[in-house]
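**Q**
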Amino acid sequence: MIDDIPKQYSPKETEDKWYKFWEDNKLFSAKPNPAKKPYTIVIPPPNVTGILHMGHALNDTIQDILIRYQRMQGKEALWMPGTDHAGIATQNVVEKSIAKEGLTRQDLGRDKFIERVWAWKEQYGSTIIRQLKKLGASCDWSRERFTMDEEYSKAVVEVFVRLYEKGLIYRGSYIINWCPRCQTALSDEEAPHKDLQGSLYYLKYPLKDNPNEFVTVATTRPETMLGDTAVAVNPKDKRYKNLVGKILILPLINREIKIIADNTVDMEFGTGAVKVTPAHDPNDYAMGKKHNLEFINVMHPNGVLNQSAGDYSGMDRFEAREVILEDLKERKLLEKIEPHHLSAGHCYRCHTIIEPYLSKQWFVKMKPLAKPALEAVKKGTIKFYPNRWTRVYLNWMENIQDWCISRQIWWGHRLPVYYCLNCQKKNPEDGVIVAKIKPEKCPECGSAGIYQDEDVLDTWFSSWLWPFATFKNKDELKYFYPTSTLVTAPEIIFFWVARMVMAGFEFMQEAPFKDVYIHGTVRDVEGKKMSKSLGNIIDPLEIINEYGTDALRFSLISITAQGQDVFLSKERFEQGRNFANKIWNASRFILMNLEASLVKTDLCVFFKKENLSLVNRWILSRFYSTLKEVEENLENYQFNEAANSLYAFFWHEFCDWYLEIIKSDIRSMPNQIVMYKILEKSLRVLHPFMPFITEELWHKLPNNDNPIMISTWPHIQENIIDPKSERTIEEVIEIISAIRNMRLELDIPPQEENVGVKIAASGKTKRVVLESLSSQIKSLARLNKLEVLNEYKKASGEFTSVLKDMHITIPLAGVIDIEKHKEKIEARIKKAQNDIVSKENMLSDKNFLNRAPAEIVEKEKEKLNNLKEEAKKLKGVKDGLR
RNA sequence: GGGCAUUUAGCUCAGUUGGUUAGAGCGCUACAUUCACAUUGUAGAAGUCAGAGGUUCAAGUCCUCUAAUGCCCACCA
730 MIDDIPKQYS PKETEDKWYK FWEDNKLFSA KPNPAKKPYT IVIPPPNVTG
780 ILHMGHALND TIQDILIRYQ RMQGKEALWM PGTDHAGIAT QNVVEKSIAK
830 EGLTRQDLGR DKFIERVWAW KEQYGSTIIR QLKKLGASCD WSRERFTMDE
880 EYSKAVVEVF VRLYEKGLIY RGSYIINWCP RCQTALSDEE APHKDLQGSL
930 YYLKYPLKDN PNEFVTVATT RPETMLGDTA VAVNPKDKRY KNLVGKILIL
980 PLINREIKII ADNTVDMEFG TGAVKVTPAH DPNDYAMGKK HNLEFINVMH
1030 PNGVLNQSAG DYSGMDRFEA REVILEDLKE RKLLEKIEPH HLSAGHCYRC
1080 HTIIEPYLSK QWFVKMKPLA KPALEAVKKG TIKFYPNRWT RVYLNWMENI
1130 QDWCISRQIW WGHRLPVYYC LNCQKKNPED GVIVAKIKPE KCPECGSAGI
1180 YQDEDVLDTW FSSWLWPFAT FKNKDELKYF YPTSTLVTAP EIIFFWVARM
1230 VMAGFEFMQE APFKDVYIHG TVRDVEGKKM SKSLGNIIDP LEIINEYGTD
1280 ALRFSLISIT AQGQDVFLSK ERFEQGRNFA NKIWNASRFI LMNLEASLVK
1330 TDLCVFFKKE NLSLVNRWIL SRFYSTLKEV EENLENYQFN EAANSLYAFF
1380 WHEFCDWYLE IIKSDIRSMP NQIVMYKILE KSLRVLHPFM PFITEELWHK
1430 LPNNDNPIMI STWPHIQENI IDPKSERTIE EVIEIISAIR NMRLELDIPP
1480 QEENVGVKIA ASGKTKRVVL ESLSSQIKSL ARLNKLEVLN EYKKASGEFT
1530 SVLKDMHITI PLAGVIDIEK HKEKIEARIK KAQNDIVSKE NMLSDKNFLN
1580 RAPAEIVEKE KEKLNNLKEE AKKLKGVKDG LR
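Residue numbers for the first sequence follow the numbering used here, so the first one is 730 and each next one is one higher.
1. Between the region 954 to 970 and the region 909 to 926, can you find at least three pairs of beta-carbon atoms closer than 8 angstroms?
2. What are the start and end residues of the beta strand (DSSP E) that includes His-1070?
3. Exposed or buried, Arg-859, counting other C-beta atoms within 10 Å across all chains shown (16 or more means buried)?
4. Could you check the C-alpha separation between Leu-1144 and Arg-1136 for me, to the nearest Å?
5. Determine the extent of the alpha helix (DSSP H) in which Trp-1125 is found, giving its start and end residues.
6. Can you give the Cα-Cα distance for Gly-1074 and Leu-1087, rounded to whole angstroms?
7. Residue range of the beta strand (DSSP E) that Leu-1087 falls in?
8. Helix or strand or just coil, what does DSSP make of Ile-734?
9. State the start and end residues of the unbroken alpha helix (DSSP H) segment that holds His-1020.
10. Around the Cβ of Pro-1157, are there at least 16 other Cβ atoms within 10 angstroms (buried) or fewer (exposed)?
11. So which of Ala-806, Met-1229, Leu-1363, Gly-1178 has the shortest CA-CA distance to Tyr-1122?
12. Would you call the region 887 to 897 and the region 1022 to 1039 touching, i.e. three or more CB-CB distances under 8 angstroms?
13. Figure out for me which residue from Met-954, Met-996, Lys-863, Asn-939 has the closest Cα to the Cα of Lys-741.
14. What first and last residue would you give for the beta strand (DSSP E) that runs through Leu-807?
15. Could you tell me whether the Cβ atoms of Phe-1113 and Val-1245 are closer together than 8 angstroms?
16. As an exercise, report each continuous beta strand (DSSP E) stretch of at least 3 residues that is fully enclosed by the region 1121 to 1170, in chain order.
17. Starting from Pro-767, follow its DSSP beta bridges and name the residues at the other end.
18. Tell me which residues share the same chain as Gly-1032 and place their Cβ nearer than 7 angstroms to its Cβ, disregarding the 5 neighbours each side in the sequence.
19. Among Leu-977, Leu-1408, Ala-1240, which residue has its Cα nearest to the Cα of Asn-1433?
20. What span of residues does the beta strand (DSSP E) with Gln-1293 cover, start to end?
21. Compute the distance between the beta-carbons of Ala-1198 and Tyr-881, then report whether it is under 8 angstroms.
22. With DSSP run on the structure shown, which of helix, strand or coil describes Glu-794?
23. In or out: Ile-1179 buried (at least 16 other Cβ within 10 Å) or exposed?
24. Just the C-alpha distance for Lys-895 and Lys-1096, rounded to the nearest angstrom, thanks.
25. Whether or not the region 1175 to 1189 and the region 1138 to 1154 are in contact is what I'm after, with contact meaning three or more pairs of Cβ atoms, one per stretch, closer than 8 angstroms; do they touch?
26. Please look up how many angstroms separate the CB atoms of Tyr-931 and Val-944, rounded, as I've assumed it's under 8 angstroms.
27. Tell me, please, which residues DSSP counts as bridged to Met-1028.
28. Taking just the CA atoms, how far does Ile-1449 sit from Asn-1353?
29. Where Arg-1117 and Ile-1129 are concerned, what is the direct C-alpha to C-alpha distance, given to the nearest angstrom?
30. DSSP three-state label for Gly-1305, please.
31. On the CB-based measure, 16 or more other CB atoms within 10 Å of its CB, does Lys-1108 come out buried or exposed?
32. Which first and last residues belong to the alpha helix (DSSP H) in which Lys-1406 is found?
33. Look at the alpha carbon of Ala-786 and the alpha carbon of Lys-749, and state the distance between them as a whole number of angstroms.
34. Is the distance from the Cβ of Val-1216 to the Cβ of Ile-857 below 8 angstroms?
35. Could you tell me the distance, in whole angstroms, from the CA atom of Ala-1290 to the CA atom of Asn-1365?
36. Using only CA atoms, which one of Trp-1193, Asp-938, Val-1344, Ala-866 lies nearest to Ala-1240?
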């Protein structure tokens, strides 16, 4: 059985096998169970168009660790999966795909196009789900949801209608963010500002009364001058005092515009006179309303100038900019051009520069919704990890703007808004019907001439319902809601997290989750965000292929300090791979040396702590301390700490020290049982981090027929944790190191016999024997409170380690460079003496004695004693060398 | 303009509420391959904790300022 365990772990063979096993046996599924406490996570639904990237890998690994951990802790752990229909993104993808057939969505028409999107979704929409499975995600796939599912869509409609009836949804004409390429409105969050190096153009507008006199205005978007309907100055501005109320002639268009006074005008900026374009700028829009100006829209929705632009109609907005500047220059109306930093909104999907555009859209009134969401976080009902995001959240909530939710695209939830043609004839603002299903006739006039609004809802208008709309029946909702933890990236705190909180309170009267863990952004080695367009992507699937899923997961987690951005390079994953291999080989070694019959029954109970050897007590204590650390770190979302302490324990303590020490006596019953127990418990603790390798090894151990995935998490046995014995092993290690140092400096003869152990020829065995030997000697020394003395016999060149008053000697014959050795010892003595002096100073300091806590003083005293002892020891060694 | 983060070994980064001699991985140096693992082991070198000031018996850790870098938010045309 042991012979068939290969020397190296090969992930490929095991991963798919175990994932299928877990899935086939429905081990991921969760149902309401009154006997258990629920633990719920809803996945941040990836876009259906999504392809797994490192951000997902990190996000989903964290969630999977939490879910697997809680499941092993005995909770009814539900990880709810699903995908988001991602309106604009998906529409773009499908438009691109039909473009290959030479078609546009307009060619197909709305219904046909939507059919194509669904067809696309059927074919490719599950890609991301398959990839999540490769990651080992233990989602309850039987519950997979899609934001365009029939039932989910019903919830979206229901919510719209309820908010409308409550007066929280309204329609109005405002300046919104318009993407001329996607030809849709965008919310503020969807139009992030980016800095641009642009220019400030100074344009001269002649006065009507005196064409030789001008008012100069500064603008960054000269093409909008075609829509100017006023020029504004600050009423306090002396320069323009006499001009207020006068008429200017708008160049190129020759329209008469008035000079108005408005105190929002900044006198310092530009010339202090500002052109007012109410249809193309949010500030100007406000000014236009206030001063009753004309709203002249000079642009088509696609960014091409329209008939109001006179000679420039038909030109693209940026083309027109150049031509207009040329024409103004020709007429000597372009005073100057200055370089100017500005920031402009960009479409988050296609990066086109946003055009502030006047149009009729639907909005959600946010202030009333924000109130409970604000309080919940202030009171701590919802906590952010790391805490600093709390302020970011609160700041946004406090300055919240109304949410533009209508989008002029086809793919998405169509607004449940209908219009009565008849009523609209009387007044275009009338005849609005908001209803869950299309009404037969107008409730006002009874006309059957009813049509539905063409617009669809912002994608986030469906995803903000995710924590509850994903549950199909009330019992389940009651059991699993509110969810426990939300794990997500900082980018979507505003888009998603904040809105979910608002929806939770509005529709469920309860916060949707307790903890929000915000992890960092995954960046490349240079700190750039990983993105396809930059070509700096490290593909998680490639890593899985090369190093294995467990390696990917472990490496990602161990470098993710709480909420810090992750700078990633491929070499990172070698650490995870090597660790997996280490676990594999340690298990292999133990299995090779295990008397399976011994562990069939839990003999551990027969071993009282007192009867176990020092080394066994030490490793048990270390295991339970580590377990405690892992639990604490997981509770505090310090995943890297948890992973690192596991790594250090398993590799550097369990493998490097414990297994090496017991090697010589591996068949003894206590050693057998302790090494086995620690291995199998370690596998369980490692399982949430590295699910596949632990499952594979688990089934190679005797007595483990049930999957590790549903095994129980080891209990901390406080009585075994013994800091004292942990400190003792440090001493052991110290002695062993001392002996090792000697070994290195000496050439150890190959065939000495001592304490019943053979010192073999060379290499590893030598190390093992020496270590085992030393540990035994040290144990003896400790139990008998003996000193270890080193002696050097000049005549024979022999170097011996002697346990004082005991008849045990380690003869280490050989030649040593005595001068070099002496130098080293002297340096150490000097250092120890310096330390002693500074410690003594400290301990005689009255301030210190009066103010430091007693335990600290004690500690320091102990430290001083240790130092003195060490100095004494070293002196002894030095004397021995003479 | 406002806010946040980062600055610790050659490189990439940990370091929880101040308290042993500041840690890890990679890299580097030396040695070790019949022996669970060379995806290994042992040992070693390597740090003015960005800079300046302050609080404290005690500062990588707390406070103030400065510098560099990165990110987020914001309607100066």
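Using N, Cα and C, we set each Cβ at its ideal position, and we do this for glycine too.
**A** The short version:
1. no
2. 1063 to 1074
3. exposed
4. 9 angstroms
5. 1118 to 1127
6. 15 angstroms
7. 1084 to 1093
8. coil
9. 1011 to 1020
10. exposed
11. Met-1229
12. no
13. Lys-863
14. 805 to 809
15. yes
16. 1146 to 1149, 1161 to 1163
17. Glu-805
18. Pro-909, Asp-1045, Arg-1046, Glu-1084
19. Leu-1408
20. Note, Gln-1293: premise wrong, no beta strand (DSSP E); not H, not E.
21. yes
22. Sequence inspection shows Ile at residue 794; the Glu mentioned does not correspond to that position. The answer is helix: DSSP assigns Ile-794 an H, G or I state.
23. buried
24. 13 angstroms
25. yes
26. Going by Cβ atoms, the distance from Tyr-931 to Val-944 rounds to 11 angstroms, so no, they are not a contact pair.
27. Leu-1034
28. Contrary to the premise, residue 1353 reads as Tyr rather than Asn in this sequence. For Tyr-1353 and Ile-1449, the distance between alpha carbons rounds to 7 angstroms.
29. 19 angstroms
30. helix
31. exposed
32. 1398 to 1415
33. 20 angstroms
34. no
35. 12 angstroms
36. Trp-1193
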